[in-house]
Each structure stands twice: as structure tokens, then as C-alpha cells.
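Enquirer: Take any residue in the sequence shown, note its place counting from 1, add 1, and you have its number in this note's numbering.
By construction, the Cβ of each residue, glycine as well, lies at the ideal position given by its N, Cα and C atoms.
Since the structure is predicted, the reported quantities are computational estimates derived from the model, not experimental observations.
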Amino acid sequence: MPIIVIILITLIILCFPFLYFYKKSKMSPWIIFLGYIICATPMLYFYIDDVIQQYEDANIGLGLAIFSTWFLTVCMYITMFIYFLLRRKKK
């Protein structure tokens, strides 16, 4: 599978918690968008670096960027779940 497909799937999956917060909270949309950009930045930076500099060996930086973005994605899903439970309990 090409790396661009993996990156697009990762960024789309990362987008869902932010869309949930946008829909359910009273936070400013700009703050939510800024949070998404901050979480997606490692992936985008290292992908651009990989395109510019073609390494012949294993690209550890790109792998770490994918893992860090997935870690941030899991953190956002956990936060979304806790937020959902607190709102459910409040009702």
C-alpha cells in the first residue's frame, strides 16, 4: 500500500474525534481546527521530508511520525469517550 494512502487514512480517522467535539461542545471551531492541525503536524512534516529526501535505508523518522500520530489519535478517542460518558452521566 502506498504511503500516501496510509497517511490519508490516518488523517481521516484522526478527524472523527474533532468532528465530534465540534458538534457536541461549545468550543470555538478555530480551537478545534487548531487541535487537529497540531495532532496532524508530525505526520505531514515527516511525509514532506520523506518526499524531499529519498533515503535508501529505513526511514525511522517517518515510522515515528506515524506512531506518534496514531498515539495522538488514540488519546483523542479516549478523550472523546470520557467526554461522551460525562455528558451522558450529566443528563
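(1) Alpha carbon to alpha carbon, how far is Leu20 from Leu65? Give it in angstroms, no decimals.
(2) Let's test the definition: count the other Cβ atoms within 10 Å of the Cβ of Leu87 and tell me whether it reaches 16, buried, or not, exposed.
(3) For Cys81, which three-state DSSP category applies?
(4) At which residue ranges does the segment 38-74 contain complete beta strand (DSSP E) runs of 3 or more residues, listed in the order of the chain?
(5) So, do the segment 52-60 and the segment 24-31 have three or more beta carbon pairs nearer to each other than 8 Å?
(6) Can you give me the C-alpha to C-alpha distance between Thr70 and Arg89, rounded to a whole angstrom?
Expert: Reading from the atomic positions:
(1) C-alpha separation (whole angstroms): 25 Å.
(2) exposed
(3) Rather than Cys, the amino acid found at residue 81 in this sequence is Met. Three-state DSSP puts Met81 in a helix.
(4) Qualifying beta strand (DSSP E) stretches: none in this window.
(5) Touching, no.
(6) Between the C-alpha atoms of Thr70 and Arg89 there is a straight-line separation of about 28 Å.
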